[in-house]
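Visitor: Here you go, one structure.
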Amino acid sequence: MRATYGAWQLRCETLPGAQSEQCALVQTVSASDRQNVGLLILAFRTADKKASLLRVIAPLGVLLTSGLGLRIDDVNVGATDFVRCLPNGCVAEARLTDELLGKLKAGKAATFIIFQTPEEGVGVPVSLEGFATGYDALK
């Protein structure tokens, strides 16, 4: 861990075969009513610095077809698909467009919604405190 920005940590590492280190803004959270439902959230710039991504790793067992929903300050922002599952969880990714980035930077709180059944969505609260400053510190 390189630094802390509010609820977010700036972590950097050099991946095997990479020319330079990759940094990400990271937060790990759990649903308040279900401690076994946790998310790992990463915001980072791609290695070529041409795009930014928001990657969320959800626990195994989520309903993949329902995707991952996002609300910022109680406003529905949209949803993205899960792209693959790994031994440590299922991965959803969304491009951090200027619009989405602006909402995350200006927001106070986000809620990521995962589904365990088609009828049962679980909202996982995420603090956006420090996100703007931390994101601006990314290389």
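Just so we're aligned, residue 0 is where the sequence shown starts under numbering that gives the first Met the number 0, counting upward by one.
Yeah, the Cβ is synthetic: ideal placement off N, Cα and C, and Gly gets one too.
For clarity, every value in this text was computed on a predicted model and none was experimentally measured.
Excluding the 5 residues flanking F81 on each side, which residues of the same chain have their C-beta closer than 6 Å to its C-beta?
Guide: The residues are L63, C89 and A91.
Visitor: For T116, which three-state DSSP category applies?
Guide: strand
Visitor: If A42 sits next to L24, beta carbons under 8 Å apart, how far is it from one beta carbon to the other, in whole angstroms?
Guide: In this structure, A42 and L24 form a Cβ contact; the two beta carbons are roughly 4 Å apart against a cut-off of 8 Å.
Visitor: Whose C-beta lies closer than 6 Å to the C-beta of A93 among residues of the same chain, with five residues either side of it excluded?
Guide: L53 and T79
Visitor: Three-state secondary structure (DSSP) at S29?
Guide: strand
Visitor: Suppose contacts are defined by Cβ-Cβ distances below 8 Å. Is I113 in contact with L67 by that definition?
Guide: yes
Visitor: Just how far apart, CA to CA, sit V28 and P124?
Guide: C-alpha separation (whole angstroms): 7 Å.
Visitor: Taking the continuous beta strand (DSSP E) assigned at G129, which residues delimit it?
Guide: Note, G129: premise wrong, no beta strand (DSSP E); not H, not E.
Visitor: Secondary structure at G101, three-state DSSP: helix, strand or coil?
Guide: helix
Visitor: For W7 versus F130, is the C-beta distance shorter than 8 Å?
Guide: yes
Visitor: For the beta strand (DSSP E) holding G106, just list the boundary residues, first then last.
Guide: Counting along the chain, G106 falls outside any beta strand (DSSP E), and DSSP gives it neither H nor E.
Visitor: Taking only runs that begin and end inside the region 0-24, name each unbroken beta strand (DSSP E) of 3 or more residues, in chain order.
Guide: If we require 3 residues or more, the beta strand (DSSP E) runs fully inside the region 0-24 come out as 2-4 and 7-12.
Visitor: A46 by DSSP, collapsed to three states: which one?
Guide: coil
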